[in-house]
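Sequential numbering of the sequence shown, starting at -13, is according to the numbering used here.
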Amino acid sequence: MKKILLIVLTLFCLSGCSCSNNTAKGAVEAFLDEYRNLSASVVGDMDDVVDAEENLNDEQKDKYRDILRKQYTDLTYEIISEDYNDDVAIVETKITVYNLGKAQNDASKYLNEHSEEFYDENNNYDLSKFLDYKLDLMQKNTDTISYTINFNVEKNEDGVWQVSDVSQSDLEKIHGIYEENE
-13 MKKILLIVLT LFCLSGCSCS NNTAKGAVEA FLDEYRNLSA SVVGDMDDVV
37 DAEENLNDEQ KDKYRDILRK QYTDLTYEII SEDYNDDVAI VETKITVYNL
87 GKAQNDASKY LNEHSEEFYD ENNNYDLSKF LDYKLDLMQK NTDTISYTIN
137 FNVEKNEDGV WQVSDVSQSD LEKIHGIYEE NE
């Protein structure tokens, strides 16, 4: 689930925002507001990713979409600093998101300790039961986590500031699934 989501959203991020941005700070704000406001690009990419999840049934896909919508709309951020060097800048930003990584880890830990709860009537492991459990934990999660991201921002040929080169770890931070030990 995690890897496919990040691949598609990386493509979105690298395309940048076509909004008119006069400052690097404005470009970062526009970039993060694309998530908070569930822009058509974000929703389209999210839907593509969720629909590609072969292990999820339709009900689980809807629940996963709801979880991601909540994650994005409730994201908060604060611009800490801007460091300009001609047509490039680094914008240090503190974001706060739901800690979905903790919910996923808690679900995996519970599976390891209580695997029998996820067996079907024939005593076989039922992935769908586990996915229901994991999605329920993610949906109920209210724990937040804060991260600092240094966004790389560049002026394009039209003089518009755009976020560029968002790293995999920074995307994981936005999605609340970053783990320090990865």
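A virtual CB, placed ideally from N, CA and C, is assigned to each residue, including glycine.
Computed from a predicted structure; not experimentally measured.
- Between the beta-carbon of A93 and that of K120 there is about 4 Å, and that keeps the pair under the 8 Å contact cut.
- With respect to I81, Y164 sits apart: the two C-beta atoms are not nearer than 8 Å.
- Take the alpha-carbon of N110 and the one of N8: they are about 58 Å apart.
- G30 is classed as exposed because its beta carbon has fewer than 16 other beta carbons within 10 Å across all chains shown.
- In the three-state DSSP reduction, Y164 falls in the coil class, being neither helix nor strand.
- A contact is defined here as three or more CB-CB pairs under 8 Å, and the region 140 to 155 fails this definition with respect to the region 47 to 57.
- The alpha carbon of L97 has as its nearest neighbour, out of A16, N85, L117 and G162, the alpha carbon of L117.
- By the criterion of a C-beta distance shorter than 8 Å, T128 is surrounded in its chain by Y84, once the five residues flanking it on both sides are discounted.
- In the three-state scheme derived from DSSP, where H, G and I count as helix and E and B as strand, S25 is classed as coil.
- Excluding the 5 residues flanking it on each side, A89 has same chain C-beta neighbours closer than 7 Å at L123, M124 and N127, in chain order.
- Per the C-alpha coordinates, the member of I131, N136, A13 and K141 positioned closest to G87 is I131.
- In the three-state DSSP reduction, T59 falls in the helix class (H, G or I).
- By the neighbour-count criterion, in which 16 or more other beta carbons inside 10 Å mark a residue as buried, D156 falls on the buried side.
- With a cut-off of 8 Å on Cβ pairs, the region 61 to 78 is in contact with the region 14 to 28, counting three or more such pairs.
- Taking every protein chain shown into account, the CB of Q57 has 16 or more other CB atoms within 10 angstroms, so this residue is buried.
- Closest option to D144, judged by alpha-carbon separation, among D37, I135, D73 and F137: D73.
- Beyond the five residues adjoining it in sequence on each side, R55 comes within less than 7 Å, by CB distance, of L24 in the same chain, given in chain order.
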